[in-house]
Every structure is written in C-alpha cells, then in structure tokens.
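Visitor: Structure provided below as structure tokens; questions to follow.
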Amino acid sequence: MPYYRRLRDLREDHDLTQTQLVEKLGMHKTTYTNYEQGKRDLPLEIAIKIADFYNVSLDYLADRTNK
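Here the working numbering is used: the first residue of the sequence shown is 6, the next is one more, and so on.
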C-alpha cells in the first residue's frame with residue numbers, strides 16, 4: 006500500500022475529517038489533500054509532524070512496517 010493510503014487510513018481510524026486534521030496540524034486543506042491522494046510528495050518535516058500527531062513511526066507512515 007502506498008504511504009498516501011496510510012495517511013487516509015490513519016485519519017479515518019481516528020474519526021477525523023480532512024478539515025479537522027488540517028486545523029490540528031496547521032496546514033492548508035488543499036496541500037494535505039494532495040498528500041493524501043498521492044498527487045504531491047510528503048516533505049519530511051510534515052511526515053514527522055503527522056507521525057507525531059498519530060504517535061506512529063515514520064516507517065509505519067511510509068508503509069515500511071505494520072508496527
């Protein structure tokens with residue numbers, strides 16, 4: 006599974022809409038939507054912020070592990 010699907014799955018598992026998530030992360034919805042749809046690469050700085058938010062590893066976020 007590409008990492009961008011994992012972004013969507015994490016968000017949905019936490020019962021968040023894209024709007025709710027981007028408000029918590031302090032980013033634009035269009036930018037996040039592009040990450041979640043795989044239209045734009047996820048910068049490391051943002052990946053770290055998202056991984057911290059969900060309390061997961063960067064490897065999990067990048068779909069390199071299921072732990």
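Backbone N, C-alpha and C define an ideal beta-carbon position, used for all residues, glycine too.
Do residue 56 and residue 63 have their C-beta atoms within less than 7 Å of each other?
Guide: Position 51 of the sequence shown, counting from 1, holds the residue named residue 56. Position 58 of the sequence shown, counting from 1, holds the residue named residue 63. Contact flag set, yes.
Visitor: For residue 25, name the three-state secondary structure that DSSP assigns.
Guide: One-based indexing of the sequence shown puts residue 25 at position 20. Residue state, collapsed to three classes: helix.
Visitor: Could you have a look at residue 47 and say whether DSSP puts it in helix, strand or coil?
Guide: On the sequence shown, position 42 is the one that residue 47 refers to. Of the three classes helix, strand and coil, the one that applies to residue 47 here is coil, per DSSP.
Visitor: What separation, rounded to the nearest whole angstrom, lies between the Cα atoms of residue 43 and residue 72?
Guide: The residue given as residue 43 occupies position 38 in the sequence shown. The residue given as residue 72 occupies position 67 in the sequence shown. Rounded to the nearest angstrom, the two C-alpha atoms are 22 Å apart.
Visitor: Look at the alpha carbon of residue 24 and the alpha carbon of residue 34, and state the distance between them as a whole number of angstroms.
Guide: As a working note, residue 24 is residue 19 in the sequence shown. As a working note, residue 34 is residue 29 in the sequence shown. Roughly 6 Å between the two C-alpha positions.
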